[in-house]
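Asks: Under my numbering, the sequence shown is numbered contiguously, ending at residue 311.
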Amino acid sequence: MTIHHTAIIDPTAVIDETATIGPYCIIGKNSTIGAHTVLRRHVVVGENTTISKHNDIYQFASIGENPQDLKYAGEQTYLEIGDYNRIREACTIHRGTAQDNSMTKIGSHNLFMVNVHIAHDCVVGDYNVLANNVGVAGHAYIGNYVIVGGQSGVHQFCRIEDYSMIGGASLIVKDVAAFVTVSGNPAKVHGLNKEGMRRKGWSADTIKAIDEAYRVIFRSGLLKQEALVQLQALADAEPKVQLLIDSINNSKRGLIR
Numbered sequence: 055m056t057i058h059h060t061a062i063i064d065p066t067a068v069i070d071e072t073a074t075i076g077p078y079c080i081i082g083k084n085s086t087i088g089a090h091t092v093l094r095r096h097v098v099v100g101e102n103t104t105i106s107k108h109n110d111i112y113q114f115a116s117i118g119e120n121p122q123d124l125k126y127a128g129e130q131t132y133l134e135i136g137d138y139n140r141i142r143e144a145c146t147i148h149r150g151t152a153q154d155n156s157m158t159k160i161g162s163h164n165l166f167m168v169n170v171h172i173a174h175d176c177v178v179g180d181y182n183v184l185a186n187n188v189g190v191a192g193h194a195y196i197g198n199y200v201i202v203g204g205q206s207g208v209h210q211f212c213r214i215e216d217y218s219m220i221g222g223a224s225l226i227v228k229d230v231a232a233f234v235t236v237s238g239n240p241a242k243v244h245g246l247n248k249e250g251m252r253r254k255g256w257s258a259d260t261i262k263a264i265d266e267a268y269r270v271i272f273r274s275g276l277l278k279q280e281a282l283v284q285l286q287a288l289a290d291a292e293p294k295v296q297l298l299i300d301s302i303n304n305s306k307r308g309l310i311r
């Protein structure tokens, strides 16, 4: 265990023996720092925060502070962060609120670039990239393998589903379906993230099936139940189409079109 002599650590905090705590870091009560995680310098970790293994957190990040919610009245709330995340300078990630599940949850293998904000009660999955100055409001959901361009804002309670891509300086006020590319203020759909699919080595048949499903949702003019019938037939042949079905079924704010 490497802990700089200028670090301030609450006696109730648990630090793995392989973790590194750099100069002027502060770790609050009942928080845990996992194996091989590095807090480089000037990092603040609030209370009731669990940071798992192999995370790399840069200077002036504030992780696990009180939520910015006027209803918050000091309840016991929590933040959980998974493995292998890179959290760059000046990022802020807040704990949950009692009005939701009292939990903000971050998965693994994410990159949060400079000055990203993740608000209370958000859920973020795995392998996402949030570029500089992205702001994610409370109770939002971000799936897996999502890219959010810099300066973008995500409204509270919005869902951003797997493999989607959001262009820079976009305003997200409704839900983003899996696989799509959206941009603008307010954001609109501009097609599928096909280049992302090719980079993952997906077959031409898989991409074609997803493209057909995309057209059913966004170009056919069918009602929801009619579209779901056609999508299910496509999903029987290509399981990844199920993510588009889930996008429809999980959406409460309506999909960006």
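Ideal Cβ placement from N, Cα and C applies to all residues, glycine included.
Could you round the C-beta distance between Thr74 and Val99 to whole angstroms and report it? I think they count as a contact, below 8 angstroms.
Replies: As a first step, residue 74 must be located in the sequence shown, where it is residue number 20. As a first step, residue 99 must be located in the sequence shown, where it is residue number 45. The pair is not a contact, with the Cβ atoms about 13 angstroms apart (cut-off 8 angstroms).
Asks: In whole angstroms, what is the alpha-carbon distance linking Arg273 and Gly150?
Replies: Looking up residue 273 in the sequence shown gives position 219. Looking up residue 150 in the sequence shown gives position 96. Taking the straight line from one Cα to the other gives about 38 angstroms.
Asks: Check each candidate in Ile87, Phe233, Arg95 and Ala89 and name the one with the smallest Cα separation from Ala61.
Replies: Position 7 of the sequence shown holds residue 61. Out of Ile87, Phe233, Arg95 and Ala89, Arg95 has the C-alpha closest to the C-alpha of Ala61.
Asks: Using a Cβ-Cβ distance cut-off of 8 angstroms, determine whether His108 contacts chain D.
Replies: Chain labels in this structure do not include chain D; a single protein chain is all it has.
Asks: If you draw a straight line from the C-alpha of Val270 to the C-alpha of Asn182, how long is it?
Replies: Working through the sequence shown from its first residue, we reach residue 270 at position 216. Working through the sequence shown from its first residue, we reach residue 182 at position 128. Roughly 27 angstroms separates the two Cα atoms.
Asks: Buried or exposed: Lys169, going by 16 or more other Cβ atoms within 10 Å of its Cβ?
Replies: Numbered from its first residue, the sequence shown carries residue 169 at position 115. Strictly speaking, residue 169 in this sequence is Asn, with Lys absent from that position. Label assigned to Asn169: buried.
Asks: Determine the extent of the alpha helix (DSSP H) in which Thr260 is found, giving its start and end residues.
Replies: Locating residue 260 in the sequence shown gives position 206, where the first residue counts as 1. Ala258 to Phe272 is the span of the alpha helix (DSSP H), which, as asked, contains Thr260.
Asks: On the DSSP letters alone, give me the boundaries of the alpha helix (DSSP H) that Ser237 sits inside.
Replies: One-based indexing of the sequence shown puts residue 237 at position 183. Note, Ser237: premise wrong, no alpha helix (DSSP H); beta strand (DSSP E) at Val234 to Gly238.
Asks: Asp180 and Asn164: beta carbons closer than 8 angstroms?
Replies: Within the sequence shown, numbered from 1, the residue matching residue 180 stands at position 126. Within the sequence shown, numbered from 1, the residue matching residue 164 stands at position 110. Yes. Within cutoff.
Asks: Using a Cβ-Cβ cutoff of less than 6 angstroms, which residues in the same chain neighbour Pro240 once the five nearest sequence positions on both sides are dropped?
Replies: Counting from one through the sequence shown, the residue named residue 240 turns up at place 186. These residues qualify, in order along the chain: Leu225 and Val227.
Asks: Give me the Cα-Cα distance between Asn247 and Asp216, rounded to the nearest whole angstrom.
Replies: Looking up residue 247 in the sequence shown gives position 193. Looking up residue 216 in the sequence shown gives position 162. Rounded to the nearest angstrom, the two C-alpha atoms are 11 angstroms apart.
Asks: Look at Leu309 and Asp259 and say whether their C-beta atoms are less than 8 angstroms apart.
Replies: Here the question's residue 309 lines up with position 255 in the sequence shown. Here the question's residue 259 lines up with position 205 in the sequence shown. No, Cβ-Cβ distance for Leu309 and Asp259 is not below 8 angstroms.
Asks: Where do the ends of the alpha helix (DSSP H) carrying Lys248 lie?
Replies: If you number the sequence shown from 1, residue 248 lands on position 194. Start and end: Lys248 to Arg253.
Asks: Measure the Cβ-Cβ separation of Ile214 and Gly197 and say whether it is below 8 angstroms.
Replies: For the purposes of this step, residue 214 is identified with residue 160 of the sequence shown, where counting begins at 1. For the purposes of this step, residue 197 is identified with residue 143 of the sequence shown, where counting begins at 1. Yes.
Asks: Tell me, please, which residues DSSP counts as bridged to Ile63.
Replies: Here the question's residue 63 lines up with position 9 in the sequence shown. The partner list for Ile63 (beta bridge, DSSP) reads Ile81.
Asks: Could you tell me which whole alpha helix (DSSP H) segments of length 4 or greater appear in the region 183-219?
Replies: For the region 183-219, not a single whole alpha helix (DSSP H) run of length 4 or above is found.
Asks: Once you ignore the five residues that flank Met157 on each side, which residues in its own chain have a CB closer than 6 angstroms to its CB?
Replies: Start at 1 with the first residue of the sequence shown, and residue 157 comes out as number 103. Only Tyr132 and Gly150 meet the Cβ criterion.
Asks: Would the beta-carbon of Asp123 fall within 8 angstroms of that of Ser162?
Replies: Along the sequence shown, one-based indexing puts residue 123 at 69. Along the sequence shown, one-based indexing puts residue 162 at 108. No, the pair does not count as a contact, with Cβ atoms beyond the cut-off.
Asks: Taking the alpha-carbon positions, what's the Arg311 to Arg252 distance?
Replies: The residue labelled residue 311 in the question sits at position 257 within the sequence shown. The residue labelled residue 252 in the question sits at position 198 within the sequence shown. Going by the C-alpha atoms only, they are around 23 angstroms apart.
Asks: Taking only the alpha-carbon atoms, compute the straight-line gap between Val97 and Leu288 and give it to the nearest angstrom.
Replies: Translated into the one-based positions of the sequence shown, residue 97 becomes position 43. Translated into the one-based positions of the sequence shown, residue 288 becomes position 234. Rounded to whole angstroms, Val97 to Leu288 spans 48 angstroms at the Cα level.
Asks: In the DSSP assignment, find the unbroken beta strand (DSSP E) run with Leu133 in it and report its ends.
Replies: Here residue 133 corresponds to residue number 79 of the sequence shown, with the count starting at 1. Residues Tyr132 to Ile135.
Asks: Per DSSP, what kind of secondary structure is Ile299 in: helix, strand or coil?
Replies: The sequence position of residue 299 within the sequence shown is 245, counting from 1. It is helical.
Asks: How is the alpha helix (DSSP H) around Glu143 delimited, first residue to last?
Replies: Taking the first residue of the sequence shown as 1, we reach residue 143 at position 89. Counting along the chain, Glu143 falls outside any alpha helix (DSSP H), and DSSP gives it neither H nor E.
Asks: Determine the closest residue to Pro77 out of Ala191, Ile172, Asp70 and His59, with distance taken between C-alpha atoms.
Replies: On the sequence shown, residue 77 is found 23 positions in, with the first residue counted as 1. The option with the nearest alpha carbon to Pro77 is His59.
Asks: Rounded to whole angstroms, what is the Cα-Cα separation between Ala244 and Leu282?
Replies: Sequence index remark: in the sequence shown, residue 244 carries index 190 (1-based). Sequence index remark: in the sequence shown, residue 282 carries index 228 (1-based). A quick correction: the sequence has His, not Ala, at residue 244. One C-alpha to the other measures close to 21 angstroms.
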